[in-house]
Amino acid sequence: MDAVGPRIEGQGSLEADWAACPWLEALPVHDAASVLQDVRRLVVVSPHPDDEVLACAGVMQAALAQDIAVHVVSVTDGEACYPDAPLWPAARLRDARRHELATAMRLLGLDATHVTPLGLPDGSVATHEAELAAQLAAQVLPGDLLVAPWVGDAHPDHDAAGRAAQAAARGRGIRSLQYPVWAWHWLDPRAATGPWPGAMRIPMSRAAQARKHDAMQAFATQTGAVEGLDCEPILPAHVTARFRRAFEVLIG
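All the letters of the sequence shown, read from the start, carry residue numbers 4 to 255 under my numbering.
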């Protein structure tokens, strides 16, 4: 999760509104074992360090519990998230966010060997979309499940990463799913229907929820738990609340 996308303004709906959302409640529930059935490896495409944890920490843990290999493709280093914070220039943020990602992965039972950082420019993934699609196509193999951002998430990096993943999955003939991140900020929980006819809720155990929460807290630059940040953090409490649910959502 990173710099605000074009349709995202203000605080968005609070988690209490989402807890009462009829279309979210109506999404079919699929256990992780069924989603991961016959999967050789789970490959998670993350536009910025933290998106993989916010959206997929539970699914990644479930894959590990089933002895399914997990790999994260970290598209950018999220170095452009605070352009107006002089104490947090891009070079410092790049180093910090890579370190935060490594810490979060360890908390989920993974390590640096499970992450491929691509180092594409934060905020400009769309201009490198064909390159990203080619890199993803070169990395995935038959039997992989490719999970990437929803193409309508309304953040340009997320949308581009989602499109690139779809192209790679089609080209390689593998299964793909999508996840929402910024969408929780601007979708209307009071609407009669949601935007994802093929979406599902995937429950998490309390232990998995606790590990996910700890991994989320590893991203101190994003939660604001660092000195010298004179603006609202990317992940204030009302945003992280949306990712502390007892389930995750994937879109088929």
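Don't be surprised by glycine CBs; every beta carbon is placed ideally from N, CA and C.
Original post:
Can you give, in chain order, each stretch of the alpha helix (DSSP H) that sits fully within the region 208-249 and has at least 4 residues?
Top reply: The DSSP assignment places 209-220, 223-226 and 240-243 as complete runs of the alpha helix (DSSP H) inside the region 208-249, in order along the chain (cut-off: 4 residues).
Original post:
Using 8 angstroms as the Cβ pair cut-off and three pairs as the minimum, do the region 165-182 and the region 208-223 touch?
Top reply: No contact exists between the region 165-182 and the region 208-223.
**OP:** Give the C-beta separation of Arg204 and Gln64 to the nearest angstrom, bearing in mind that I take them to be a contact with Cβ-Cβ under 8 angstroms.
**Re:** Position 201 of the sequence shown, counted from the start, is the residue given in the question as residue 204. Position 61 of the sequence shown, counted from the start, is the residue given in the question as residue 64. Gln64 and Arg204 do not touch by the CB rule: their CB atoms are close to 16 angstroms apart, not below 8 angstroms.
Subject >> Exposed unless 16 or more other CB atoms sit within 10 angstroms - verdict on Ala249 >> reply: Locating residue 249 in the sequence shown gives position 246, counting from the first residue. Result: exposed.
Subject >> Other residues of its chain near Leu110: CB distance less than 7 angstroms, five sequence neighbours each side excluded >> reply: One-based indexing of the sequence shown puts residue 110 at position 107. Excluding positions up to five away in sequence, the list reads Arg214, Asp217, Ala218 and Ala221.
Original post:
Okay, do the region 107-127 and the region 82-90 touch, 3+ Cβ pairs below 8 angstroms being the bar?
Top reply: Taking a cut-off of 8 angstroms for Cβ pairs, the region 107-127 and the region 82-90 touch, as three or more such pairs fall below it.
Original post:
Touch check for the region 46-59 and the region 139-152: three-plus C-beta pairs under 8 angstroms?
Top reply: Short answer: they touch.
Original post:
In three-state terms, what does DSSP make of Asp20?
Top reply: The residue you call residue 20 lines up with position 17 of the sequence shown. Asp20 falls in the helix class under three-state DSSP.
**OP:** Report the option in Ser77, Asp5, Ala94 and Asp87 whose CA atom is closest to the CA atom of Gln138.
**Re:** Taking the first residue of the sequence shown as position 1, residue 138 is located at position 135. Distance check between Gln138 and each of Ser77, Asp5, Ala94 and Asp87 places Ser77 closest, using alpha-carbon atoms only.
Original post:
What three-state label does DSSP hand Glu251 in the structure shown?
Top reply: Position 248 of the sequence shown, counted from the first residue, corresponds to residue 251. Secondary structure of Glu251 (DSSP, three-state): strand.
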